[in-house]
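Trainee: Heads up, the sequence shown is in our numbering, so the first residue is 2 and it goes up one at a time.
A virtual CB, placed ideally from N, CA and C, is assigned to each residue, including glycine.
Below you will find the structure I want to go over with you.
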Amino acid sequence: MEEIFPNVFSERKELFTKNLVPGTSVYGEKLLDHEGIELRQWDQYRSKLAAAIKNGLSELPIKPGSVVLYLGAAEGTTISHVSDIVGGKGIVIGVDISERVMRKFIMVCEQRKNIVPILADANRPWTYRDYFAGGQISVLYQDVSQKNQAQIFLKNSEYFLKKGGYGMLAIKAKSISQEKPVNDIFESETAKLNEQFNVLQKINLKPFEKDHEMVFCRKKE
Ligand SMILES: C[S@@+](CC[C@H](N)C(=O)[O-])C[C@H]1O[C@@H](n2cnc3c(N)ncnc32)[C@H](O)[C@@H]1O
Numbered sequence: 002m003e004e005i006f007p008n009v010f011s012e013r014k015e016l017f018t019k020n021l022v023p024g025t026s027v028y029g030e031k032l033l034d035h036e037g038i039e040l041r042q043w044d045q046y047r048s049k050l051a052a053a054i055k056n057g058l059s060e061l062p063i064k065p066g067s068v069v070l071y072l073g074a075a076e077g078t079t080i081s082h083v084s085d086i087v088g089g090k091g092i093v094i095g096v097d098i099s100e101r102v103m104r105k106f107i108m109v110c111e112q113r114k115n116i117v118p119i120l121a122d123a124n125r126p127w128t129y130r131d132y133f134a135g136g137q138i139s140v141l142y143q144d145v146s147q148k149n150q151a152q153i154f155l156k157n158s159e160y161f162l163k164k165g166g167y168g169m170l171a172i173k174a175k176s177i178s179q180e181k182p183v184n185d186i187f188e189s190e191t192a193k194l195n196e197q198f199n200v201l202q203k204i205n206l207k208p209f210e211k212d213h214e215m216v217f218c219r220k221k222e
């Protein structure tokens, strides 16, 4: 077992995070003991962030103590691992538009005191800006299945992400167009980020996710 990033472990083909709430699993993942530390398995077929790490993410900007704005929290699968990584000194604000997923997500938040759930449309960042002071966010993470994915990301960056902060955008090509070639969609969505960001790395998420790319970027100073 090797700690590949702070609070992220790898053994053979599997990833794990250090469990912030020992004794609890979130989506049926296995728990195991490693030298007195409880680890939680992180499934790369269920989490695009885990898939990006498996496919060679060069640096993980989400670290112990980070303040993360996470758009598209869904039922809390990936964000629970982000919560493990940032630990007790960090905070993760999780936004989702769906009341149905929010019901499950709130149960995850009840166990994990470093996650703040917000039921809102990520297209409308001004509706949740009063929940936290703008400019404090060190990492913006987005995984929303919408046609205007880059636009949502840029809008939230303008409101909340500090200069020099990091972005991670999971692009789902098929939500943007069913007809256009997937690589053209990745290219045109990523090009939209250039006005605010320097793109550091683009990672295709095959074979864990079909037609998805993770863009890792840094906001210009
Ligand atoms: C693919 S799922 C996210 C999975 C999650 N990131 C994970 O790895 O555990 C996409 C989520 O985006 C949410 N979503 C779609 N449009 C949204 C919007 N405009 N604002 C906020 N959330 C949105 C959906 O409700 C859904 O839960």
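Can you list, in chain order, the residues of its chain with a C-beta nearer than 6 Å to that of residue 50? Leave out the 5 residues immediately preceding and following it.
Mentor: 79
Trainee: Since residue 31 contacts residue 42 with CB under 8 Å, what's their CB separation in whole angstroms?
Mentor: That belief holds up - the Cβ atoms of residue 31 and residue 42 are roughly 5 Å apart, short of 8 Å.
Trainee: Can you look up residue 27 in the DSSP assignment and give me helix, strand or coil?
Mentor: coil
Trainee: Indicate whether residue 71 and residue 93 have their beta-carbon atoms separated by less than 9 Å.
Mentor: yes
Trainee: When you compare only the Cα positions, how much space is there between residue 77 and residue 213?
Mentor: Rounded to the nearest angstrom, the two C-alpha atoms are 19 Å apart.
Trainee: Can you have a look at residue 62 and say buried or exposed, based on whether 16 or more other CB atoms are within 10 angstroms of its CB?
Mentor: buried
Trainee: Output the distance between the C-alpha atoms of residue 159 and residue 90, rounded to the nearest integer angstrom.
Mentor: 25 Å
Trainee: Please report the residue range of the beta strand (DSSP E) in which residue 219 lies.
Mentor: 213-220
Trainee: With respect to 8 Å, is the separation between the Cβ of residue 96 and the closest non-hydrogen atom of ligand 1 below this value?
Mentor: Residue 96 has its Cβ nearer than 8 Å to a heavy atom of ligand 1.
Trainee: Does the beta carbon of residue 47 fall short of 8 Å from some heavy atom of ligand 1?
Mentor: Residue 47 Cβ: within cutoff of ligand 1.
Trainee: Starting from residue 199, follow its DSSP beta bridges and name the residues at the other end.
Mentor: 219
Trainee: Starting from the C-beta of residue 129, find all residues in its chain whose C-beta is less than 6 Å away, skip the five residues before and the five after it, and write them out in chain order.
Mentor: 119 and 121
Trainee: Just grab the DSSP bridge partners of residue 152 for me.
Mentor: In the DSSP output, where bridge partners are listed per residue, residue 152 has none listed.
Trainee: What's the C-alpha gap between residue 217 and residue 201?
Mentor: Taking the straight line from one Cα to the other gives about 6 Å.
Trainee: When you compare only the Cα positions, how much space is there between residue 87 and residue 137?
Mentor: Within the model, the alpha-carbon separation for residue 87 versus residue 137 is close to 15 Å.
Trainee: Compare the C-alpha of residue 144 against each of 53, 15 and 7 and name the closest.
Mentor: 53
Trainee: Name the DSSP beta bridge partners of residue 3, please?
Mentor: 11
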